[in-house]
Every structure is written in structure tokens, then in C-alpha cells.
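Asker: Mind the numbering: the sequence shown is residues 25 to 537 in my numbering, read in order.
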Amino acid sequence: MDRITKNLLEDFLKQFEIKSESEYIDFEKFCNYSVIKNEFNNEFEIEDISTGENQGIDGLAIIVNNQFVGTTQEVEDLIKEARILEVNFVFIQSKTSAKFEGSEIGNFIFSVKDFFSEKPRLKMTSKVKEKFDITQRLFKNFSLMTKGNPSCKLHYVTTGKWSDDQNLKAVIDTNINELKDLKLFNEDEVIFIPCDAQKIQKLYRKTSEEVTTEFSFDEMVTLPRISDIEEAYLGVIKFEEYKKIITDENGNIQNIFYDNVRDYLGENLVNQKMDETLKNKKFDIFAILNNGITIVADKKNSSKGKLFSISNYQVVNGCQTSHTLFNNKDLDGMNEITIPVKLIITQNEDIKSSITIATNSQTAIKEEQLVAFSDFQKNLEQYYKSFKDDNKLFYERRTGQYNTEQGVTKTKIVTIKNQIKTFASMFLDVPHLASGYYGKLYKDVKEQIFKKDHKHNPYYLSSLGIYKFEKFTRAGSIDRKYNKARYHILMLFRMANQPNKPPEFNSRSMEDY
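See below:
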């Protein structure tokens, strides 16, 4: 293994507090994380990608409607919640050797073909068997895949250099065509991706970069100077350019939306009407029917005429619009749709919160709820910062907030989604929901969490509990087989140490509890 890859591998183990087992196992985890994080910019557990000692496949992710799916229950919940299923399979095989060998590549693709057969011949680990069951459940709902058959990407990683060898390409083409012949996938999206040392290095580095985009903002005006706002613009942008803001280089929708607690609400009434407007090709009136998008960015890197480059940005209002547009991206004429957009450049957190509250007050969320949510989140972040040493965790109010910050261990970052899962498990006694589809959990507990007068300590304690459990699991002190039950264990830990029912979360006695 070359020195650069080895150095990045060591950094990865340190960032995720992973106990080194052997070079090839460490490298598998490194590759699984680097590939999936670039294919799917959302939350996932590294161990959930691993296939164990499975022959031919080292990593496997099943992504449905931009959600990582790890259990059949999550599939059932998704089927109930969504009328459409958009399915992507990502397979990974990693080798520490510096060669791309035809026999190994052939074995990898054969293993993938076998996985999709109705009666697989290769022995499966328990992890792969569960993913096989998920796949079979999805394939029984082909009627919901109205956008087309699933995609299937195969990443083959080595520490060598890919040179477009004709013999290897012949092996790949022959085997990939056999995979296409199964007629399970969109043929244009069955892709074999050779990944050499330089490419895997690039993928890993990208996981820590701040989100940046470049787009053309043709029809806009500059707003007059405003205190604490560096620049502000108002105008319309074509969907062809807006896609560059909300999608990554792989064409996947990015995790850049402020209301990432709620996520995309799917087929609610407003989204249905928006969807009908698009499907009926009423493109010319979309801009006047829609309230528009608000984007807040920390930096504008440069602008050349109408060409803008911005960094560390979020869509603070427009999650539903963005997803509905994205879901209809392949309609003829979509690229010419104009979307009302406000772009604000500021690093002032109070200004960002004010903009978020103002631009979301037209939605179903009441203004007082937004104020309470924003204030509580800021105060909770400060509460997390009050802890030191090994108990210090980092509460991430804003997606990617700590991506470029030195000295922040990845395992110590607590996202809003993770906070909801741990708090709901430990104190609301619904670990079964935390283990399933996140959208269902949020709907069930949203009225019980993040109240303005809630004490902060139960939120922090639940995060600390899951952090300690996962740390012991990574170190081998707790058997990994218990990882699936981690949210139930969190609830049982509270009950074992304090059998009484928790007091009100705004009560002074909460601290004693």
C-alpha cells in the first residue's frame, strides 16, 4: 500500500475511533465509507455497509428514496409512506493489492449476479442474507418503481493504477452484460467503476470538504446593502442551473436542506399540486404559483458576470419544492422552468435563523414553533460545548457544520436526526421506531421533542449513551451482534438505573433523575 493511502487510512481509523484489526479489513471499511459517502450524502453506519466474511462482496448499500435501508421493516414503512420507490444498489469489492486482476473482477461481478438470482448458490453471511431479503421485498413492489428499474453500481477498489487494459475491459463488459440480461435494472445504470489508489484518495478527501457549487444566475438583481449580510440577490433561475445547487456530481440530491428534521414530506397536498403542475407541463406558470427558494451561504467564492460560486450553503426554505422538482427532472422541457430564488451571503447565525423563520412562516409550521425550535437548537449546541475531554460531543445543527473543522472526531458529531433517535429511544420508550424508517419516527414524536422549556441534559445524556455503546462495540468490548439492538439497549440502560418514569422534561427534577 502506498504511503498516501496508508496515511489516509490511519486518519480514517482515528476519525471514527475504529480499532485496527488487519490491513485488509481496515481497508475494506475505509473503501466502504469513502465510496458510499460520495454515492449517498446522508447518514449511515459504516458497519451497516460491511458484509462480513462474504465471498466476493465487501460492501453493499441499498438506497431507497435517498434513504439508506438496513432492515425489511424499513422497507415496509417506506412502502406505506411513499407511493413511489426509487432504488439504487451499490456494491464494493476492495483489494489491498496493487493489481487489477481479471479473475478477481470476474468473481466480484459473478457474486453480484448470484445475489440477484432467485435461488443464490453462493453462501451468504447473515448481513448479506438480510440485504437479500430486503431486495426480494423491493422486487415484489416493482409496480411502485414508476420512475424506472433500479440502478446498480459496482465499485472495484485496489491500491494500484487503472490503465484501461483492453483484456480487463473485455472481462468487465462480458460480465456486466450478463448482469444486464437479468432485466432487473435500468440498463444505462448498470455501471462498473474501477477505483485505483488516486481515486479512492480523492473520494476520502471529498468526505471532509465543505459543499461548493457553481451555477449561472442569469435573471437577478442585487439587493441594497444590509447590516451583517455581505451580499443578497433576488431573481429567477432555470432548473437546469438549479440542479447544480441541489445535486452532487453523481446526480444524487444533496443533504443541504434546513428542515432535515422533517425531510421531504412526500405526497402531501401541496406537493401533489406542485407535481400535477409539472406533469401537466404547465411550466410557464410554475414561477408564479411557487413561493420560491431561499439559499443561505457562508461564502461567495467568486462571480464572473452571471456565473456564481458559493460554499457551505443551505436551502433554508424550499425542501419540498426542490424534491418535487428533482423527482420530475426527466420530464421533457423541465430544464427551462424558472424558479424564484433568494440568495443571501452571511456568516451571522442570528441572521440565518431570522431568515429561516421568516421564509418558513408561510408553511404548516407555526412561527412560534420555528422560533422555539431554532432557539432550543442553538442553546442545545451550547450545552454540548460545555463538556470537556472524553465526554465532549459536537451537536451539528447545520449539515456539514464540522466537515472542515480540525480536531473534531467524526464519531462525536451528533446530528439532529441522531438526537431524535436517541432521545426517543431512551426517554420516550420507542426504540422500535428508532430502528426503523426515520420518517415514521419523526411523525410519531415530533410534538414531544425540542420544546423551548425542555432541559438539555436528557438530550445530551441519550447521545452520550449511544456514543459510549458504539465506542465499546468498535473496541470489541461489546459483541457487534448487539449493534442492531442498540436503541433498545439505550432504553433498558435508563430503566435499569432509574426504574421510575422520567419527570416532565421541563421539570427541575429532571437533573436529579
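Here a beta-carbon is modelled for each residue, glycine too, at the ideal position from N, C-alpha and C. All values derive from a computational prediction rather than experimental measurement.
Under the three-state reduction of DSSP, which class applies to E392: helix, strand or coil?
Answerer: Note that E392 scores a pLDDT of 48, beneath 50, so its modelled location is shaky and nothing firm can be said.
Asker: Just mark N66 as buried or exposed, buried being the case when its beta carbon has 16 or more other beta carbons within 10 Å.
Answerer: N66 comes out buried.
Asker: Would you call F209 buried or exposed, if buried means 16 or more other Cβ atoms sit within 10 Å of its Cβ?
Answerer: Per the 10 Å Cβ criterion, buried.
Asker: Between the beta-carbon of H478 and the beta-carbon of F529, is there less than 8 Å?
Answerer: Yes, they are a contact pair.
Asker: What residues in its chain sit with their C-beta under 8 Å from that of T246, if we drop five residues either side in the sequence?
Answerer: Closer than 8 Å at Cβ, skipping near neighbours: E255, A256 and Y257.
Asker: Could you tell me the distance, in whole angstroms, from the CA atom of K262 to the CA atom of G431?
Answerer: Near 40 Å, if we compare the C-alpha coordinates of G431 and K262.
Asker: Let me check one thing: in DSSP terms, what residues is T179 bridge-paired to?
Answerer: Here residue 179 turns out to be His, not Thr, going by the sequence shown. H179 pairs with I116 and I217.
Asker: Along the chain, where does the beta strand (DSSP E) that runs through K204 open and close?
Answerer: Element bounds for K204: not the beta strand (DSSP E) but the alpha helix (DSSP H), Q190 to K204.
Asker: With a CB to CB cut of under 8 Å and the five nearest residues on each side skipped, what residues in its chain are close to K525?
Answerer: Excluding residues within five positions, none has a Cβ falling inside 8 Å.
Asker: Round the Cβ separation of T318 and T383 to the nearest angstrom and send it over; I've been treating them as touching at under 8 Å.
Answerer: Going by Cβ atoms, the distance from T318 to T383 rounds to 4 Å, so yes, they are a contact pair.
Asker: Please name the residue, chosen from M534, K416 and I200, that lies closest to D138 on a Cα-to-Cα basis.
Answerer: Minimum Cα distance to D138 is reached at I200.
Asker: If I follow the unbroken beta strand (DSSP E) through D35, where does it start and stop?
Answerer: Counting along the chain, D35 falls outside any beta strand (DSSP E), though it belongs to the alpha helix (DSSP H) covering R27 to Q39.
Asker: Strictly by DSSP, which residues pair up with A321?
Answerer: In the DSSP output, where bridge partners are listed per residue, A321 has Y337 and I369.
Asker: Could you pull the DSSP bridge partners for E420 from this structure?
Answerer: In DSSP, E420 forms a bridge with T439.
Asker: Hey, F113 and I86: beta-carbon distance below 8 Å or not?
Answerer: Going by C-beta atoms, F113 is nearer than 8 Å to I86.
Asker: Between E494 and T435, how many whole angstroms is the CB-CB distance? I'm expecting something under 8 Å.
Answerer: Sure, about 7 Å apart at Cβ, within 8 Å.
Asker: Please tell me whether K53 and I42 are closer than 8 Å, where the distance is taken between their beta carbons.
Answerer: Yes, Cβ-Cβ distance for K53 and I42 is below 8 Å.
Asker: Who are the Cβ neighbours of T23 in its own chain at under 8 Å, not counting the five residues just before and after it?
Answerer: There is simply no residue 23 to check, as the chain begins at 25 and stops at 537 in what is shown.
Asker: Could you spell out where the beta strand (DSSP E) holding L244 opens and where it closes?
Answerer: Position check: residue 244 holds Met in this sequence, whereas Leu was assumed. Counting along the chain, the beta strand (DSSP E) containing M244 begins and ends at E243 to T246.
Asker: Among S167, S533 and M358, which residue has its Cα nearest to the Cα of N304?
Answerer: Nearest of S167, S533 and M358 to N304, Cα basis: M358.
Asker: Per DSSP, P455 forms a beta bridge with which residues?
Answerer: The partner list for P455 (beta bridge, DSSP) is empty, contrary to what the question assumes.
Asker: Once DSSP output is grouped into helix, strand and coil, what is the label at L146?
Answerer: Three-state result, L146: coil.
Asker: Whole-angstrom Cβ separation of F115 and H179, contact assumed at under 8 Å?
Answerer: Rounded, the Cβ-Cβ distance is 7 Å, consistent with contact.
Asker: Measure the C-alpha to C-alpha separation of D283 and N165 and round it to an integer number of angstroms.
Answerer: At D283 the pLDDT is 48, less than 50, meaning the model places this residue with poor confidence; the figure from the coordinates comes in the next sentence. Using only the alpha carbons, I get a separation of about 29 Å.
Asker: For E392, which residues from the same chain have a beta carbon less than 8 Å from its beta carbon, with the 5 sequence-adjacent residues on both sides left out?
Answerer: Residue confidence is low: E392 scores 48 on pLDDT, short of 50, so the model does not pin down where it sits. Its coordinate-derived value is still stated next. Excluding residues within five positions, none has a Cβ falling inside 8 Å.
Asker: Roughly how many angstroms separate the alpha carbons of N131 and E243, rounded to a whole number?
Answerer: One C-alpha to the other measures close to 53 Å.
Asker: Ends of the beta strand (DSSP E) at G259?
Answerer: Where G259 is concerned, the enclosing beta strand (DSSP E) stretches over E255 to K262.
Asker: Thinking C-alpha only, which one of G342, S449, K328 and L109 is nearest Y266?
Answerer: For the residues G342, S449, K328 and L109, the minimum Cα distance to Y266 belongs to G342.
Asker: Within 10 Å of its beta-carbon, does F411 have 16 or more other beta-carbons around it, so buried, or fewer, so exposed?
Answerer: So F411 counts as exposed.
Asker: Taking 8 Å as the cut-off, decide whether the C-beta atoms of F185 and S240 are in contact.
Answerer: The displayed chain sequence assigns Lys, not Phe, to residue 185. Contact flag unset, no.
Asker: Tell me the rounded alpha-carbon separation between K376 and I334.
Answerer: Approximately 16 Å, taken between the alpha carbons.
Asker: Quick check on this structure: which residue in V93, D26, E110 and T236 has the alpha carbon closest to the alpha carbon of I123?
Answerer: Here residue 123 turns out to be Lys, not Ile, going by the sequence shown. Answer by Cα proximity: D26.
Asker: Rank I309, G316, F310 and Q338 by C-alpha distance to the C-alpha of K323 and give the top, closest one.
Answerer: Of the candidates I309, G316, F310 and Q338, the one whose C-alpha sits nearest the C-alpha of K323 is Q338.
Asker: What residues are listed by DSSP as bridge partners for T271?
Answerer: BP columns for T271 point to I277.
Asker: Cutting at 8 Å between CB atoms, please list the residues of its own chain near L168, excluding the five before and the five after it.
Answerer: Correct list, in chain order: I103, A106, R107, I108 and L109.
Asker: Spatial neighbours of R504 within its chain, please: CB distance less than 7 Å, with the 5 preceding and 5 following residues excluded, ordered by chain position.
Answerer: Contacts found: E71 and T497.
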